[in-house]
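Numbering (the working numbering), first residue to last: 27 to 155.
All C-beta atoms, glycine included, are put in the ideal place defined by N, C-alpha and C.
Structure below.
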């Protein structure tokens with residue numbers, strides 16, 4: 027994970043959630059443990075690799091379909107309805123933008139996996155025996 031993302035993650039935990047990561051062997055009080063659990067749950071929900079991957083597959087299929095339909099529309103020399111091509115072009119552009127957005131979110135999720143794993147380890151170690 028890049029140092030910037032690690033710092034950002036720690037900043038989010040410390041400032042927004044009121045959580046500081048305990049030393050490896052330190053247990054923490056119940057309220058801090060609960061905040062760690064909540065943070066872990068939020069991170070795993072927001073950076074859901076499986077969900078984002080499925081979204082990328084779905085939007086990728088849609089984008090490819092629109093691209094092929096648009097190309098076929100443009101190839102027709104006597105296309106009676108150019109408006110259909112314009113609508114397809116707009117839908118293709120929108121789908122391409124959505125695909126790029128999901129790709130960026132998936133990339134961020136991949137980058138965050140190490141940090142999420144660190145939070146999970148700290149969460150597991152935070153329980154006082």
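- Going by DSSP, residue 67 is part of the alpha helix (DSSP H) stretching over 56-72.
- Pairwise C-beta distances place the stretch 63-71 out of contact with the stretch 81-94, as fewer than three of them are shorter than 8 Å.
- Exposed is the label assigned to residue 94, since fewer than 16 other Cβ atoms lie within 10 Å of its Cβ.
- Bounds of any alpha helix (DSSP H) do not take in residue 152, whose DSSP letter is neither H nor E.
- Nearest C-alpha to residue 108 among 55, 96 and 131: 96.
- In the DSSP annotation of this structure, residue 102 is not part of any alpha helix (DSSP H), being labelled neither H nor E.
- Burial state of residue 101 is exposed, judged by a 10 Å Cβ sphere holding fewer than 16 other Cβ atoms.
- Residue 90 and residue 124 have their alpha carbons spaced roughly 13 Å apart.
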